[in-house]
Amino acid sequence: MRDWNTMVTRSRFRFVILALAPALCLVASTLRAQQSGKVRGRVVDAVSGQPLQSVTVTVVGAELSARTDDDGRYLIEAVPPGLVKVNAQIIGYHPITTPYYNVFPDSATSVNFKLAPLTVQLDPVEVIGERPEEEFKFGATVITSDRLPARGNVLTSLKGTVAGVDVTGRNEGTRVTIRGSHASALFVVDGVVITPPLTFYIDTRDVECVEVRRGYRAAQEFKPSIHGETYSGVILIWTKGSLGRKPPGCKST
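For reference, each letter of the sequence shown is one residue, going 6 to 258 in the working numbering.
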């Protein structure tokens, strides 16, 4: 009889636990939400004051980011409380990383940005426009936007898309080499040489085509070697609406 009572008691206990499980999960989820904060704000052009769309805003040190809307506004949720730095990046503007801001639980911290436009030298664009078409065909591969993933950054999208292009690392530490070389590739966006951390923030939705040219000689055309600095090739990224002469077949279908 005692064993029977024990079995009944255990069965009731299990039933109570199963019945309360959804409620306990809801409470835990609510507590986590209350323990995190938000970062919101607006990004504008420092010269014109106009809102900037599609700016990538990132909480430094955390894989939390958002893109600004048509009015330049963004919202990042589930930010751990404490001191954080926030970074804003978009092609054509100087990136900004803020000082530390304090994020409080169940509260929104306002962080606004004024991005200054980059001063673009036009000489490299003119050089690209002067080259004959035959040069595009030598040791080069053109990838149109319809062959790139619908989301994500352009660096990681090259992995497995172009033969001989090796993509390693992640986030701002992503590294691209060509043909197994230990040297990194040189990046040129709309005719302007840019540093690798900036290329991570180029969204594939903003890209019309990518041209990969192999060999250090291709890179020297845009940036001659300095103090032994060499590159395994050059990756030219053409954004939608950019000016300048693009390689044949650049227009996506």
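Note that beta-carbon positions come from the ideal geometry of N, C-alpha and C, so glycine has one too.
With a Cβ-Cβ cutoff of 8 Å, do P110 and Q40 count as a contact?
In this structure, the beta-carbon distance from P110 to Q40 falls below 8 Å.
Thinking just about the alpha-carbon of each residue, which of I81, P86, P85 is nearest to the one in A93?
I81
**Message:** Shorter than 7 Å, the distance from the beta carbon of V62 to the closest heavy atom of the ligand FMN, or not?
**Reply:** Ligands are entirely absent from the displayed structure, and the ligand FMN is therefore not among its contents.
**Message:** Going by C-alpha to C-alpha distance, which of S150, D50, T61 sits closest to K245?
**Reply:** Of all alpha-carbon atoms in S150, D50, T61, the one lying nearest the alpha-carbon of K245 is that of S150.
Roughly how many whole angstroms lie between the Cα atoms of L191 and L163? Taking the straight line joining both Cα atoms gives about 14 Å.
Can you give me the Cβ contacts of Q55 inside the same chain, cut-off strictly under 7 Å, excluding the 5 residues immediately before and after it?
V49
Distance, Cα to Cα, P100 vs Y221? 29 Å
Give the list of continuous beta strand (DSSP E) stretches no shorter than 3 residues that lie fully inside the segment 52 to 119.
61 to 64, 69 to 72, 78 to 84, 87 to 89, 91 to 94, 106 to 108, 113 to 115
- Query: By a C-beta neighbour count over all protein chains shown, 10 Å radius and 16 as the cutoff for buried, is S237 buried or exposed?
  - Reply: buried
Could you compute how far the alpha carbon of E213 sits from the alpha carbon of S53? About 27 Å.
With I242 and V215 assumed to form a contact (beta carbons below 8 Å), what rounded beta-carbon distance in angstroms separates them?
Their Cβ separation, rounded to whole angstroms, is 5 Å, which keeps I242 and V215 in contact under 8 Å.
Beta-ladder partner(s) of D195, from DSSP:
None; D195 has no bridge partner.
Going by CA-CA distance only, name the one from K119, V89, G87, Y106 that's closest to R78.
Taking only the C-alpha atoms, the option nearest R78 is K119.
Roughly how many angstroms separate the alpha carbons of F143 and Y206, rounded to a whole number? Low per-residue confidence applies at F143: pLDDT is 47, beneath 50, and the placement is therefore not dependable, though the value from the model is reported in the following sentence. Each residue's alpha carbon lies about 29 Å from the other.
Quick check: what's the CA-CA separation for T166 versus V181?
13 Å
Is T63 buried or exposed, if buried means 16 or more other CB atoms sit within 10 Å of its CB?
With 16 or more other Cβ atoms within 10 Å, it is buried.
For L88, is the classification buried or exposed, using 16 other Cβ atoms within 10 angstroms of its Cβ as the cut-off for buried? exposed
TODO: Express the C-alpha separation of Y105 and Q145 in angstroms, rounding to a whole number.
DONE: The residue asked about is misnamed: residue 145 is Ala in this sequence, not Gln. Near 44 Å, if we compare the C-alpha coordinates of Y105 and A145.
message: DSSP three-state label for A145, please.
response: strand
Practice prompt. To the nearest angstrom, report how far apart R250 and D195 are at their CA atoms.
Written response: 9 Å
Practice task
Just tell me which of A71, V197, S112, D211 has its CA closest to the CA of I240.
Solution key: It is V197.
Between the alpha carbons of V172 and T200, how many angstroms are there, rounded? 16 Å
Q) Whose C-alpha, out of T161, V44, L153, is nearest the C-alpha of A71? A) V44
Limits of the unbroken beta strand (DSSP E) element including V49:
Counting along the chain, the beta strand (DSSP E) containing V49 begins and ends at 42 to 50.
Determine whether the beta carbon atoms of T103 and V116 lie at a separation below 8 Å. yes
So T161 is in the alpha helix (DSSP H); what residue range does that whole segment cover?
-> Its alpha helix (DSSP H) spans residues 159 to 162.
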